[in-house]
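Visitor:
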Amino acid sequence: MSELEELGGEAWFRLGDRDLATHLYRSQRLSEGATKTDVAKELAERLGVAVRLLPVTNDTVTTEFDTTLGRLSFQEYFVRHHHDVTVRAIEFVGADSAHATPEVLDALREASRLVIAPSNPLISIDPILQIPGVREIVAERREDVVAVSPLIRGEALKGPAARLLGELGYDISTVGVVDFYEVSSVLGSSTRPTPLWPRRSANAACTSRSRRPSWPRPTTPSASPRRCSRE
């Protein structure tokens, strides 16, 4: 990248050798006709990853941010600007017309438990849920769904999860994470989809509110949410 910079090229997307090699290999294999599922399997085998990794779709889906600086790609937002720019909306271009792979749909149906990892709900988990068919299966199996919050005492351990929740109108807390998964859309959808998990009383989740939907909170190391400000 330093050589590219010396030649006058854009060199802000700096990667280590391993990351760069992975991206080059992936691009090469895709240009040769391999699917994302094929490439994920090949990389896992070569790197000694024992678990089965499945891309949700083999189709092209890109994450774009509507920000105060204009429209930004995921790489521009995350790497070039270090996610230090206000976001007004997030769009997953191509998600509506993408197809979940048969392997993913079978895995969702056959798994004994579905665990939503403590990754960023808005830009890591939601792109998966936006692929047609995925959210529906998760909702059907909501008795078997466990979600782990990425926030501890109102702060993300890493990345812009807390900031994005606040910028898009959600409470910066585990309660806000549940709110987001209930809506599962940052594009202003007026319809609330089927909850991903069963509802039950959660009055202890936010004692400052006299009325609020009830749900089980995702697992979190924090004893209680830090802020309850969104009405």
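Residues 0 to 230 (numbering that gives the first Met the number 0) are what the sequence shown spells out, left to right. Glycine included, C-beta positions come from ideal geometry on N, C-alpha and C. On a predicted model such as this, the values are computed, not experimentally measured, just so you know.
1. If distances are taken between C-alpha atoms only, which option among Arg87, Arg140, Leu163, Val84 comes closest to Ser123?
2. Quick check: is any heavy atom of the ligand MN less than 8 Å from the C-beta of Pro159?
3. Can you tell me where the beta strand (DSSP E) with Glu90 in it begins and where it stops?
4. Is the separation between the beta-carbon of Glu167 and that of Ile89 shorter than 9 Å?
5. Across which residues does DSSP place Glu154 in a beta bridge pair?
6. Just how far apart, CA to CA, sit Leu19 and Val60?
7. With 16 as the cutoff for other CB atoms within 10 Å, does Gly69 come out buried or exposed?
8. Contact check, Phe73 vs Thr62 under 8 Å by CB: the rounded distance?
9. Report the three-state DSSP secondary structure of Ile122 (helix, strand or coil).
10. Scan the segment 8-67 and note each continuous alpha helix (DSSP H) run of 4 residues or more that stays entirely inside, going in chain order.
11. Determine the burial state of Gly175: buried for a count of at least 16 other Cβ atoms within 10 Å of its Cβ, exposed for fewer.
12. Can a CB atom of chain B be found closer than 9 Å to the CB of Ala97?
13. Could you tell me which residues DSSP pairs with Ala99 in its beta bridges?
14. Does the count of Cβ pairs from the segment 125-138 and the segment 106-117 closer than 8 Å reach three?
Guide: Reading it off the structure:
1. Leu163
2. Ligands in the displayed structure: none, and consequently the ligand MN is not present.
3. 86-92
4. Note that residue 167 is Leu in the sequence shown here, rather than Glu. Yes, these two residues count as a Cβ contact at 9 Å.
5. Ile151
6. 21 Å
7. exposed
8. 4 Å
9. helix
10. 16-30, 35-46
11. buried
12. The displayed structure is made up of one protein chain only, and chain B is not part of it.
13. Thr56
14. yes
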